[in-house]
Every structure is written in structure tokens, then in C-alpha cells.
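Right, one structure below, let's go through it.
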Amino acid sequence: MRYLILCLMLLVAGPALAVQPDEILSDPALEARAREISKVLRCPVCQGETIDESNAPISRDLRLYLRERLVAGDTDDAALEAVVDRFGEYVLFEPPARGINWVLYLAGPVMALLALLIGWRFIRSREGAEAEGDALNPEERARLERLMRD
Amino acid sequence: MNAEIGHFALILAFAVAVFQMTVPMIGAAKGWAGWIESARPAALAQFGLIAISFVALTLSFVTSDFSVKLVYENSHTAKPLIYKISGVWGNHEGSMLLWVLILALFGAAAAVFDANLPPRLRARVLAVQGAIGVAFLAFILFTSNPFLRLESAPFDGRDLNPLLQDPGLAFHPPFLYLGYVGLSMAFSFAVAALIEGRVDAAWARWVRPWTLAAWVFLTIGIALGSWWAYYELGWGGFWFWDPVENASFMPWLLAGALLHSAIVVEKRELLKSWTILLAIMSFGFSLIGTFIVRSGIITSVHSFANDPERGVFILAILAFFVGGALTLYAARAGAMQAKGAFAPISREGALVLNNILLAVSAFVVFVGTVWPLVAEMLWDRKLSVGPPFFEKAFTPFMVALAIVLPLGAMLPWKRGRLEKVLPPLRGPLVFALAVATLVFAVSTGHSALAVIGAGLGSWLVGGAIVDLWLRTGKSGLSRLWRLPRADWGKAISHSGLGVTFIGVSLLMAWQVEDIRVAQVGQTFEVAGYEITLEAVEERPGANYDATIATMRVAKGGREVGVLHPEKRLYPVQATPTTEAAIQNGLFRDLYLVIGDPQAGGGWAVRSYVKPFASWIWLGAALMALGGLVSLSDRKYRIAAGARSPAPMVRPAE
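Those sequence lines, one after another, are chains A and B. Count the first sequence with my numbering and you get residues 10 to 159, in order. Count the second sequence with my numbering and you get residues 359 to 1011, in order.
Right under this line is the structure:
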């Protein structure tokens, strides 16, 4: 598994950790904001990890750029937008709920409603149904069940 | 010589599979006893031949026969023996061979064990199983032959990816395949039943153990993979919502739904056509998983072989089997009339809800996984769907599932009343609320995730215990041990789910992280633990060079332990790996990682305190254990013919 990590690691000259100590901002509040934003930013070459988890040099660029924007006084949204402008929509781990992406966001709830509706109709249809073709009455069935268990 | 024997055996297995696919199927249609009976020896022969082929490839790896291209590309003389063996399936060709080996193993098991299966049904099941074998053996022989030779044998191999040289990962793929491929049995049973045009309680009783076994293996396989990611990737993540992880997760969710709907078929002869559909879809999603991993169509950290030709081949297999089965389903499902009535508030009703929640959550995972592909194909947009989306879209279904599970598990069949089920559950409810309050009080950030997750987890565990207790009636403990194992299995699995809930939510909410440069000899504090970097030294390993740190951890002046995080460099592939040092505890894991030496002296060090981390895998282990206990229930042993003959389970012709 995770074969591509191999490629990523080959990109790095030597072993490296994800977030480096020298990247961390001295202001803990600002650093905490950077961490929070990083959760939705994807490493563009690893394709499965956030920039905080990734060892690739480009993730380091993203981390540094994000912190640069935050230090410059950007709000969270503005900083995120600046990163997306520079590195593309691809680095967003969560596509913005706009336009066609609504299909993605609504697929689950719509499917759930549909399934509940169909399930409910099935259950209602069963509620009235008599046990047609069922030769055994409930007590007999229960007895048979017990016999089969023993 | 080995490789040629292996190759030859594989071709023979292909021929046998073609026989197994056709002759018993025709025999079953015509009622020719000899042709029907030929399914069993064919299934055994196919398994034997593939086993020979697999052993031949393994021998090539163990003896480091670098004239075999696959061995040259994935092995090295200096590699420890266990990784020479696991290297057999640490690559595309070898893992496909393992895939068909397990497929044939299940077929052979069905030929040997299901003694009470009507011969015709068995012939059809084995024929469908044979057809799957034909497809995948052809895939191996024509696009992914593991036995290709090199013209001149190189002196040494290129080594296995060091990340794979790990005990957790050595056994992760075999278990996963046992799960994926195990679902092929449910599929074969479903198709055979559609051909026969009959689904009854006996059918469900045969199909359920196979599904249960496949689900148990999937649970173990997924848990091993997640555990490996936790300790190997160096920052302690355990689930990434990566396309390939999702590929194993979707069949797991659907197999979970199938397990429960098969109970309804078995007990009440309801939900028949839905159960058939689930069986087809569960295996369909296993094939989709295989397709995603092999085709490279969805970029993933797991990408195995990015080869479009192979992808197209698997897509064709997928289209043939799932498309064919669904066509058959469309033609025949109408004949499967449900019998019997039930009220909305009943076990049946609860299991319908269970199926809806599990199936829709699998659908959500599916949509999220393929969305980037759809967006790129239709609108030429490159976008990503990752953890933040899945956490939002998937979690509500699990929350709903956890809320209703203890209630549904205790409802009687046919008609139940919530007023009767609720009073005994008062205990678990109070317990869950107490846990939630405690977590709320302890949390500094008042994370909703921790409160809800821990509360629901406790509700599940408490509900499972009460359910088991009530089953003993008035006679108490002595009866507890005589309860059917299926009841035990149910309680163990359900509480395992609760334990995993608690682990995931508390770990995510309460984890403490510290990243810093530490000088040798320096002590620093993380979440109440005093950590001292005592020494860092270089030491050669079996086939790597290691940098090993010695770190002493104390709490309040009392020593907690000495940990040795490692950083390894595998020279053959010039690949570094991090070996985090983890001290597992029941309530917290200490997780230390050593990084690079810094320019100004000292080392980069990451330290984590991970509360309740081990509960995630403890819960998974309980789920798997519950499945195994349930599998050992007497009714299946009887159905399997291991003890006494049971004429009752034979369906009336």
C-alpha cells in the first residue's frame, strides 16, 4: 500500500519530517490558525496527504506561503483563497460547495431520503400483508425455529 | 525451472477453470448427475494447480532467482526471509496470483465443506466461481504474467519498497484479499439462486457464513492497514479517506448490510431480492476496488500499477460480471415474492433501517471517491475530495446507526413496542449520558466530536451488554454461557463498534502534538510528560542504516519508559522510513519520532500524546472476534455437515 509515498520520498533529498520546526510561527495563535487551514490543503504531488503530513518539498512551499499570508494579516478565508489562486483548485481537499459541486454534497442526503422513502413504502406494504403462502402460523414457526436450533 | 512449472500450472488451472465454468452449469440445467458432480473435483484441481503455481513463485523469491523479472524487480538477497515471502504479493503480478489463489481456495472450500448443499445448487455456485477464476486467470496470463524471465540474470535485485518491509503490511494484503474474494462466494450464491429462481431460508443459511467470514477478513485486513499507517507514516494518522482505502471500506459496509439482511431472509424469508442485490453489489464493489488499485485511474498513494491496458481488462471483467448479474436480477427478481407481514417497529423494520444506513453511507463514500474523476472527465476540472468532505458527509449516517442500533437489536421479530424495549436500556442511556458529560467536562475545547462519539460508543457497549443479559432470562449467569454463540457474536461485534467509536472520537479530539528542535540532553514537556532526548546514534540494521534516538519519558518525576524512535535509510532503493517509537497504553499512546539533524545543532523531534488510540484497533479486533464467534455457532456447524446430518435445512424440491 501507499506505493506512491515511495516516489514522494525519492523527491526529497534525505529523510524529512512533515512540518519542520523552523517553519513554526512564533505566535502560537497564528500557528494554530495555519494548522487549522492546513487540514483542508492537500499536498499536490502526494495526492493523499495534507500539506502538514507530507514530506514533499512542494508541501513545504505551501506551508510557508500560507504562513506568509497569515503573517501579512490575511484572514483565514483570504489566505486560503491566495493559496488556491497560486496552486490551483486541486490543493483544496474539500471542493467549494458551488455550482456543480452541489451534486457531490447533495448526493448523500438525497439518496438517504430516497432510500428511507422506498424503505418506508416497503414496510407499509408488509404491514398490511397477510402471510400469504405461509403455511405455518407464528407459533408453529417459532417452534420450528426452536427445533432447528437444537 | 520453477518459474516454468509455475507458469505451466497456471495455464492448466485456466483450462480447468474453463471446464468448471461450463460443464457443471450445463449438467445442472440438463440434470446430468455426472456433469453436476464434476464441479467438485474441478474446484479442487483448480485450487491445487494455482497452489503449485503460487509455491513456484514463492520459491523463486526465497531462492532469489533474479532471472525471473518479477523477483529482480521486487527482491534483494539481503532482505530478511519473511519479506522475501511477503514480496511475492508486494507487487501487481504476485498479488493477482494471490487473489486467484484465494478465489480457488474459497471454491475448493465450498466443494469440500457444504456437504448438505443440493448438488445442483453447488454445481451452479462452483460454475460461477469458476467463471470468475477464468476471467482473472486470463487477466494474469495475458496482461500480468509473474513468470517472465530476463535474458540474462542480474547479480542482485532492486529490493522491495522499504515501506512494505514491515510485519503489519506483510499480512495486510492477504487478509484484505480473503475478504474481497470471500464476497465472491456470496456473489456466486446469488447468481446461482437467480438461475435456479429460488431463494429461501436455507439459501440464506448457506450464504451467511461465507459473508460473515469475508466480513471478518475484511475487518482484519482494513484494521491491519490502518494500524500500519499509524505506526509507520510517522505522524500517527490512522485513516486517510484515500481512494484505495475507500475501495476496501465500501465492500466492508455493504458486506455488513448483507450480513444483516441475510438474517432477515433466514428467519423471515423477507428482503430476498434486496439481499441478492446486496450480494451482487458487495462483490461488485470488491471488483471496483481491484479496478481502482490496478488501473491507476484515480490517483492514490496506493497506486499499484498505472497501466491503462490492465485497467481496461479489469473494467471489462467488472462490466461482464456485475452487468450480467444485474441483468439476470432484473429478469428474475420479480419471482421472489416476500412472505409474511411485519410492523414498522420490529426487528425487520430495524434491519431495513440498518441496511438503508449502511448502503447509503457506502454510496456517499463511492460518490466522494469518484467525484474527482467525474469532474475531470465532464468539466475538465482537477479537484480533490478528501477527509474534510468525508468526515462531514459520512459521520451523520454512523451517528444515526449508533443511535438506533441498541434499540433495533432488542426489538422482537414481527411486531415490537418501543415502550417495552426502552426500560431495560435506561441503564446504558444513563451510562452514555454520564460518559458524554464527563468528556464534556474534561475537554478543554468542548469538542462536539468527543462528546457525541464517546457518548454513542458507550451507548453501543452498554446496549450490547444489556441485550446479552436479558437473553439469559431469569436464570442469570449460568445460562449466559449456554446462550447460542450467535448471540455472543452479535454482542461482541456491536460493542466492538462502540469501542472503535470511542477511540476514533477521543483520539481526534484530544491528541496533543509537539514539534521542536531538541538538543541531546535537553528535557521538554508535552501534555504533562517530561521527555528527555538522551542520545542519538547510528547503527546498521539487516538491510538498512538506522539513526536511533534514546528518549526517556517521565511523568511527575516517575519514569514512564525509555523509547527508541528510529529513522532508517534503505540504501538499495535510497528510501528513508520513519519508525516511530510508540508506548501503547490503555488510555493513551506515547508516540515519538526522530527527524533530521538541524543546522544549528540538535535534532527535529515530534512528540504526540494520543488518547485512546489503541481503542480503535481493539474495537476492530472485537468486531472480528464477534464475527468468528458467530461463525462457530452450532447451526452453521450443523449446516456445514461437520456434526450430525440435519435434514431440516434441505429445501423442498
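Using N, Cα and C, we set each Cβ at its ideal position, and we do this for glycine too.
{"Asked": "Using the DSSP secondary-structure output, state which residues sit across from B:Lys913 in a beta bridge.", "Found": "B:Tyr887, B:Arg916"}
{"Asked": "Taking 7 Å as the cut-off, decide whether the C-beta atoms of B:Leu676 and B:Phe649 are in contact.", "Found": "yes"}
{"Asked": "Compute the distance between the beta-carbons of B:Leu763 and B:Val857, then report whether it is under 7 Å.", "Found": "no"}
{"Asked": "Should A:Asp85 be labelled buried (16 or more other beta-carbon atoms within 10 Å of its own) or exposed?", "Found": "exposed"}
{"Asked": "Use the C-beta contact count for B:Glu896: other C-beta atoms within 10 angstroms, 16 or more gives buried, fewer gives exposed.", "Found": "exposed"}
{"Asked": "Between B:Leu684, B:Ser584, B:Phe755, B:Ala708, which has its C-alpha nearest B:Val622's C-alpha?", "Found": "B:Ala708"}
{"Asked": "Quick check on B:Ala699 - is its C-beta less than 7 Å from some C-beta in chain A?", "Found": "yes"}
{"Asked": "Under a three-way DSSP split, which group does B:Gly364 fall into?", "Found": "helix"}
{"Asked": "With contact counted as at least three CB pairs below 8 Å, one residue from each stretch, are the segment 599-608 of chain B and the segment 717-732 of chain B in contact?", "Found": "yes"}
{"Asked": "Mapping the DSSP letters down to three states, classify B:Arg897 as helix, strand or coil.", "Found": "strand"}
{"Asked": "Does the pairing of the segment 390-398 of chain B with the segment 493-502 of chain B give three or more beta-carbon distances under 8 Å?", "Found": "no"}
{"Asked": "Can you find a CB in chain A that lies within less than 7 Å of the CB of B:Ala740?", "Found": "Residue identity check: residue 740 of chain B is Lys in the sequence provided, not Ala. Yes, B:Lys740 lies at the interface with chain A (some Cβ there is under 7 Å from its Cβ)."}
{"Asked": "Pull up the distance between the alpha-carbon of B:His450 and that of B:Glu554, whole angstroms please.", "Found": "37 Å"}
{"Asked": "Enumerate in chain order the residues of its own chain whose CB-to-CB distance from B:Val884 is below 7 Å, with the five nearest sequence positions on each side excluded.", "Found": "Val870, Asp872, Ser965, Val967"}
{"Asked": "May I ask which residues mark the beginning and end of the alpha helix (DSSP H) holding B:Ala932?", "Found": "No alpha helix (DSSP H) holds B:Ala932; DSSP gives it neither H nor E."}
{"Asked": "Does any residue of chain A have a CB that is nearer than 7 Å to the CB of B:Arg946?", "Found": "no"}
{"Asked": "For a test of the three-state rule: what should DSSP assign to A:Glu58, helix, strand or coil?", "Found": "coil"}
{"Asked": "With a cut-off of 7 Å, does the C-beta of B:Phe598 fall near any C-beta of chain A?", "Found": "yes"}
{"Asked": "Looking only at its chain, what residues have a beta carbon closer than 7 Å to the beta carbon of B:Glu734, apart from the 5 residues adjacent to it on each side?", "Found": "Lys740"}
{"Asked": "Can you check which of these residues, B:Pro382, B:Ala548, B:Pro532, B:Val492, is closest to B:Phe575 by C-alpha distance?", "Found": "B:Pro532"}
{"Asked": "Where do the ends of the alpha helix (DSSP H) carrying A:Ile109 lie?", "Found": "No alpha helix (DSSP H) holds A:Ile109; DSSP gives it neither H nor E."}
{"Asked": "Which term fits B:Asp517, buried or exposed, when burial requires 16 or more other beta carbons within 10 angstroms of its beta carbon?", "Found": "buried"}
{"Asked": "Do B:Val779 and B:Leu769 come within 7 Å of each other at the CB atom, strictly closer than that value?", "Found": "yes"}
{"Asked": "In whole angstroms, what separates the C-alpha of A:Glu40 from that of B:Arg874?", "Found": "13 Å"}
{"Asked": "Give me the Cβ distance between B:Leu950 and B:Leu921, rounded to the nearest whole Å; I'm assuming they're in contact under 8 Å.", "Found": "5 Å"}
{"Asked": "Kindly confirm or deny that the segment 578-590 of chain B and the segment 552-566 of chain B touch, where touching means at least three C-beta pairs closer than 8 Å.", "Found": "no"}
{"Asked": "Within 7 Å (strictly less), CB to CB, does A:Pro53 reach chain B?", "Found": "no"}
{"Asked": "B:Tyr966 lies in the alpha helix (DSSP H); which residues open and close that run?", "Found": "That residue, B:Tyr966, is in no alpha helix (DSSP H); its beta strand (DSSP E) goes 961-969."}
{"Asked": "For the segment 361-387 of chain B, list every residue whose C-beta sits within 7 Å of some C-beta in chain A, in sequence order.", "Found": "none"}
{"Asked": "Can you find the residues in the same chain that come closer than 8 Å, C-beta to C-beta, to B:Ile823, ignoring five residues on each side of it along the sequence?", "Found": "Pro786, Ala849, Ser853"}
{"Asked": "Rounded to whole angstroms, what is the Cα-Cα separation between B:Ser661 and B:Gln956?", "Found": "Note that B:Ser661 scores a pLDDT of 48, beneath 50, so its modelled location is shaky and nothing firm can be said."}
{"Asked": "What are the boundary residues of the beta strand (DSSP E) that B:Pro745 is part of?", "Found": "That residue, B:Pro745, is in no beta strand (DSSP E); its alpha helix (DSSP H) goes 745-768."}
{"Asked": "Please state whether the Cβ-Cβ distance between B:Phe748 and B:Trp599 is less than 7 Å.", "Found": "yes"}
{"Asked": "So B:Val875 is in the beta strand (DSSP E); what residue range does that whole segment cover?", "Found": "870-876"}
{"Asked": "Across the segment 409-419 of chain B and the segment 365-373 of chain B, are there enough close Cβ pairs to call them in contact, namely three or more that are closer than 8 Å?", "Found": "yes"}
{"Asked": "Just the chain A side, please: which residues come within less than 8 Å of B:Phe721 by C-beta, in chain order?", "Found": "Ala116, Gly117, Met120"}
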